[in-house]
Amino acid sequence: MARAHSSMSILRYGSSALVRLTAPLRFLSTDPGGDDGKFQSKPIWDNYQEIAKRVCDITRTRARWEQTLVTEFPSCDFSNPLFLHEFFKHQSNLLISIRFLYWSLSYYGASPDPDSCKFLFDALLKAKAGNAAKSFVARTGFTPQAGSLEQYVTCLFEGGLVGDAMEQFRLLKESGFSPRAKTWSIALSGCVKARRSDLVFVLYSDLVASGGVSDMGEEVTAHLIRAFCLDGNVPRGYKLLRLVLEDGLVPQKAAFDKLIATYCEIRNFNRVSELLHIMIEKKCAPNISTYHAVINGLLKNREGDEALRVFNELKDRGYCPDSVMYSTMITRFCKIGWVGEARKFWFEMISKGFLPDEYTICTMIQALFKIRNVKDANKIFDEMSGKGLGLSTMIYNTMICGLILNKKIEEAWKMFQEMPHKGIARDFVSYRALIWRFGTMGKIRKGKSLLREAIGQGLVSPSSDHATFVGMLRKMGGVKGSKVPVDCVENEGLNPWPLDELIVKGLCKKGFAAEAKDWLVNMLKCGLTPRDKTFRTLLQCLAQGNSMNNSFVVLGFMLKVGCPEGVRSLLIPNFREGQLGLVET
DNA sequence: CTAGGGTTAG
Numbered sequence: 358m359a360r361a362h363s364s365m366s367i368l369r370y371g372s373s374a375l376v377r378l379t380a381p382l383r384f385l386s387t388d389p390g391g392d393d394g395k396f397q398s399k400p401i402w403d404n405y406q407e408i409a410k411r412v413c414d415i416t417r418t419r420a421r422w423e424q425t426l427v428t429e430f431p432s433c434d435f436s437n438p439l440f441l442h443e444f445f446k447h448q449s450n451l452l453i454s455i456r457f458l459y460w461s462l463s464y465y466g467a468s469p470d471p472d473s474c475k476f477l478f479d480a481l482l483k484a485k486a487g488n489a490a491k492s493f494v495a496r497t498g499f500t501p502q503a504g505s506l507e508q509y510v511t512c513l514f515e516g517g518l519v520g521d522a523m524e525q526f527r528l529l530k531e532s533g534f535s536p537r538a539k540t541w542s543i544a545l546s547g548c549v550k551a552r553r554s555d556l557v558f559v560l561y562s563d564l565v566a567s568g569g570v571s572d573m574g575e576e577v578t579a580h581l582i583r584a585f586c587l588d589g590n591v592p593r594g595y596k597l598l599r600l601v602l603e604d605g606l607v608p609q610k611a612a613f614d615k616l617i618a619t620y621c622e623i624r625n626f627n628r629v630s631e632l633l634h635i636m637i638e639k640k641c642a643p644n645i646s647t648y649h650a651v652i653n654g655l656l657k658n659r660e661g662d663e664a665l666r667v668f669n670e671l672k673d674r675g676y677c678p679d680s681v682m683y684s685t686m687i688t689r690f691c692k693i694g695w696v697g698e699a700r701k702f703w704f705e706m707i708s709k710g711f712l713p714d715e716y717t718i719c720t721m722i723q724a725l726f727k728i729r730n731v732k733d734a735n736k737i738f739d740e741m742s743g744k745g746l747g748l749s750t751m752i753y754n755t756m757i758c759g760l761i762l763n764k765k766i767e768e769a770w771k772m773f774q775e776m777p778h779k780g781i782a783r784d785f786v787s788y789r790a791l792i793w794r795f796g797t798m799g800k801i802r803k804g805k806s807l808l809r810e811a812i813g814q815g816l817v818s819p820s821s822d823h824a825t826f827v828g829m830l831r832k833m834g835g836v837k838g839s840k841v842p843v844d845c846v847e848n849e850g851l852n853p854w855p856l857d858e859l860i861v862k863g864l865c866k867k868g869f870a871a872e873a874k875d876w877l878v879n880m881l882k883c884g885l886t887p888r889d890k891t892f893r894t895l896l897q898c899l900a901q902g903n904s905m906n907n908s909f910v911v912l913g914f915m916l917k918v919g920c921p922e923g924v925r926s927l928l929i930p931n932f933r934e935g936q937l938g939l940v941e942t
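For the first sequence, the numbering used here gives the first residue as 358, with consecutive numbering after it.
Below, the structure is given as structure tokens:
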């Protein structure tokens, strides 16, 4: 299970890196010679089936197989569709198959053939790797047809990529295909989960227009009610509930749960108990997840005592809190600073045989570090490692950051070094924490060598010109003569953005506003979206230098990316009204 | 076979 997950996440990050990093391919649609007959007529060597098996073994056992293949099989063109088909049949690792396709296409300068693409694309959909499927489409120019497309839409919605999903869904409907009821409901719930109430309403009006509402009323109304709640318009959700109840329709329980959660958050407890009564009356009995909503709502509101009261009453009445309930209690109590309470539930949870998941472990450890309880944080980590649960990048990062926060640099360094031995991948967070710490401690040499290593690992985007990059780093007091191997990023599937942001920030700090701007623009060109904070730092820096033109360039990009509110308000005092008006249009 | 929670940071 854990292994499956890690390969999924490699797919998720890796393939988007792949799209950026390699030379553009000739796409099917733009290739003038791309008729079907062309591929069949390509000569294929006699023993290609055997070779496919051998190549399969090589790719499975060696990390860097490209060079091996080229030297061992100089006369074989591995982009041949017949060979590829055979190879994919044997290769059980989807990630390797995809990497192989990309490599062979760019190495032999071939165009992707539709069959290979369809095969891999469908496999990606089956693995529910929406992000990877999206990159695959971008990379190969493959256009999925009706059946595949519907599954693609489902996959995107389920993966939370609602923007892309909506676009593909539109294409699907425009092609004259009428989506199944299930697809509609996945689409709606996907938007609800992504907190995009606006899209829920768009979908709903499409659904009404297509005339398919009647057969799934409870589900659709539930999604609408939840969307109203998300919108901050609970009364409207409540009104809708009342309306459909009069018609004898009882929405799915999720709608009640959401209404209850929201009324808890706004402290309207009369409504909460009213809703609970309606549920019982309509034979839609509240269960542990309903009470979970109540407790979570209370805790979000920092009503710790009230939450404890409800929780204890639940137990008295014979409800059994499950692991989600415990996780929520622990994370929420940590958040409001009741670490002792969280710790108590941590023990209770474990004594009942539930194992905390990664997030819960992290928040618990983090909370302990925050109150400077290094001893207990370490204890929890050891306990979890003993159960084989502490072996992830995220937990190691939490430990490293926590130890650094508590000035335990040596211990943090020890954990950092332990990671590769235990087979845990280091990522930008692991490096960044230590690089910053060494930097602020004045251990520039150590910090620099670490930064160099991070670059070597491909944790920085090599998209920009190498010389420029080295120059930038020099300016912010960085490394000399760094090398950025593209393959590393491709192979490891690392997400490079945070170090880019670090560079932007570093340049700002040193007052190199224009260079910082160039760097950020470069990031955007590579399809990387900087966080609000980075935008803010840069704009502040530009505004200080009175660099109005550059500010507008950045502002323009921000509006394209989706301007975050906080940044906009930050800018207003810096510009004259007339100019701001110009930008807003 | 299932709702419900949550994401490390100079």
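The beta-carbon is built from N, C-alpha and C at its ideal position, and this holds for glycine as well. All values derive from a computational prediction rather than experimental measurement.
Mark residue i as exposed unless 16 or more other C-beta atoms lie within 10 angstroms of its C-beta, in which case mark it buried.
i	result
Ile623	exposed
Thr418	exposed
Pro431	exposed
Val494	buried
Phe785	buried
Phe704	exposed
Lys491	buried
Asn754	buried
Lys615	buried
Ala489	buried
Lys959	Residue 959 is absent from the model: the chain starts at 358 and stops at 942.
Gly747	buried
Pro777	exposed
Leu564	buried
Gly804	buried
Gln448	buried
Cys677	exposed
Ser630	exposed
Asn437	buried
Asp470	buried
Gln774	exposed
Thr891	buried
Gly302	Outside the modelled stretch of the chain, which goes from 358 to 942, sits residue 302, for which no answer is possible.
Note down the Cα distance separating residue i from residue j, rounded to an integer number of angstroms.
i	j	result
Val427	Ser473	21 Å
Gly868	Tyr788	24 Å
Lys410	Leu462	19 Å
Phe534	Trp541	13 Å
Ala769	Gly759	8 Å
Ser806	Val911	32 Å
Gly675	Gly654	22 Å
Val577	Leu606	11 Å
Phe526	Glu507	8 Å
Trp422	Glu810	23 Å
Leu632	Val601	14 Å
Arg456	Asp479	16 Å
Cys512	Cys548	13 Å
Gly520	Phe514	9 Å
Leu556	Ile761	43 Å
Arg700	Ser708	12 Å
Arg553	Asn879	29 Å
Lys446	Thr500	22 Å
Asn903	Ala870	10 Å
Val559	Lys736	50 Å
Ser532	Thr886	32 Å
Ser908	Arg888	17 Å
Are there any heavy atoms of the ligand NAD lying less than 7 Å away from the beta-carbon of residue i, as far as the coordinates show?
i	result
Lys640	Looking at this structure, you won't find the ligand NAD or any other ligand, since it has none at all.
Would the segment 678-693 count as touching the segment 719-728 if we require 3 or more Cβ pairs under 8 Å? With a cut-off of 8 Å, the segment 719-728 and the segment 678-693 count as touching, because enough Cβ pairs lie within range.
Should the segment 644-660 be called in touch with the segment 600-616, which here means at least 3 C-beta pairs below 8 Å? yes
So does the segment 513-524 actually touch the segment 498-505, counting three or more Cβ pairs closer than 8 Å? no
Write down every uninterrupted run of the alpha helix (DSSP H) in the segment 649-684 whose length is 4 residues or greater and which is fully enclosed by it, in chain order. 661-673
Run through the segment 537-582 for me and flag every whole alpha helix (DSSP H) of 4 or more residues, listed as ranges in chain order. 538-550 and 554-566
Segments of 4+ residues assigned as alpha helix (DSSP H) that fall wholly inside the segment 709-736: 715-727
Taking only runs of the alpha helix (DSSP H) that begin and end inside the segment 429-461, which ones reach a length of at least 4 residues, in chain order? 438-447
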